[in-house]
Structures are given as C-alpha cells and as structure tokens.
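One structure below.
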Amino acid sequence: MATDNFLDKKSVLGLAERVPMCPPPETIVFADSIQWGGGSLSNKNQHQYNENISATNVSNREMIRKLAIGQSIACKIKINGEQEILPLFLVSMTNGVSASGSISTYITKGTTVLNDGKIAGVIFKYIYQLIKTTGLSRIVESLNCHVYIHDWGTL
Numbered sequence: 492m493a494t495d496n497f498l499d500k501k502s503v504l505g506l507a508e509r510v511p512m513c514p515p516p517e518t519i520v521f522a523d524s525i526q527w528g529g530g531s532l533s534n535k536n537q538h539q540y541n542e543n544i545s546a547t548n549v550s551n552r553e554m555i556r557k558l559a560i561g562q563s564i565a566c567k568i569k570i571n572g573e574q575e576i577l578p579l580f581l582v583s584m585t586n587g588v589s590a591s592g593s594i595s596t597y598i599t600k601g602t603t604v605l606n607d608g609k610i611a612g613v614i615f616k617y618i619y620q621l622i623k624t625t626g627l628s629r630i631v632e633s634l635n636c637h638v639y640i641h642d643w644g645t646l
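With the numbering used here, you'll find the sequence shown wraps up at 646, consecutive numbering, no jumps.
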C-alpha cells in the first residue's frame, strides 16, 4: 500500500506523462557565431567578458519570448574557443505598454564548467520593443551578453 512518502506505479506513470521531453537539437537558441576574443580583469576572482550582440546574428531568439519563469532552453555558444551547450533559464521578464508602443525585457542565465575546470556564467538580456507612430509600427530587438569566467576555483 502506497503512503504519502512513497510513489506507487500508477503515480510514477502519471508523473512521467507530465514531464516535458528534452528539446531536439534544432531548437538550440543561440548560434555559435557568438564568441569572445578577450576580456578585462574585473577583480582578483573573475574575468568578465562583455559583448553587445546584433540580434540578427542570433538564431531562434524568438524562443526566449515563449518561456515562462524558471523554464530553460539550450544555448550553443563558444567561450574561450570551447564549444558549449548549456541550459539558459528565464529568471526575469518585464512588460511595459504605453501609447507609443510596448517593451518586453527577458533575462536568462546559465552556467557551465569549462575543460580546465573553471566555472563560466552566462547572462543574456533580450529586449523586444514595438514602437508605434502615426500609421506605422516597427520592431526593435537588442541583445546584450555577459560571460563571467571565475578563477577562484575549479571543479
């Protein structure tokens, strides 16, 4: 007899039906054209790499707008020459509407361990803006990325 502390076969099968499947490889959101060639030492513990990225260089960026807080997508990116695929989690989403249009800001974060054991953190800020003028409207997209490589330890 199943108790609250244990799952029976029926509850396990029901749970499996509710768990989403992993996305297929073609749904990876960022192309590997995003690269960093250098950076600056921000303090004694980490190097910070900053890059403003043209939204046109990013494939499948519209997938970010479909995420709910806490959901993730796969991110394919090169960090210091290493090809990485890591989960990016949507941690913040804000929306604003005015007579002149609307603006939505999405912040995603992810981490990975590089081949040398150092920890790299990735933060993407994606802004989607609809600007309305008399009889016209246009969409403006911008993407900002920060990569942090921590020197204070390895895994």
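A virtual CB, placed ideally from N, CA and C, is assigned to each residue, including glycine.
Bridge-paired residues (DSSP) for residue i
i    : result
Q574 : K569
I614 : K600 and H637
L579 : I564
G592 : S589 and I622
I630 : L621
M584 : Y597
Within 9 Å, strictly: CB atoms of residue i and residue j
i    : j    : result
E575 : T603 : yes
I555 : T585 : no
L579 : I560 : no
C566 : G592 : no
Y619 : I630 : yes
L621 : S628 : yes
I640 : I594 : no
K623 : A590 : yes
Cβ separation of residue i and residue j, assumed to be a contact under 8 Å, to the nearest whole Å
i    : j    : result
I568 : V613 : 7 Å
E573 : L605 : 6 Å
Status (buried if at least 16 other CB within 10 Å, exposed otherwise) for residue i
i    : result
T518 : Reliability fails at T518, whose pLDDT of 44 lies under 50, so the model's placement of it is uncertain and no value is given.
F497 : Only weak support exists for where F497 lies, its pLDDT of 42 falling under 50; the coordinates are left without a value.
P511 : For P511, the predicted structure reports a pLDDT of 46, less than 50, and the residue's modelled location is therefore unreliable. A value from the coordinates is still provided. It is exposed - the Cβ of P511 has fewer than 16 other Cβ atoms within 10 Å.
V638 : buried
Q526 : With a pLDDT of 45 at Q526, under the threshold of 50, the modelled position of that residue is not reliable, and the figure given next carries that caveat. Looking at its Cβ environment, which holds fewer than 16 other Cβ atoms inside 10 Å, Q526 is exposed.
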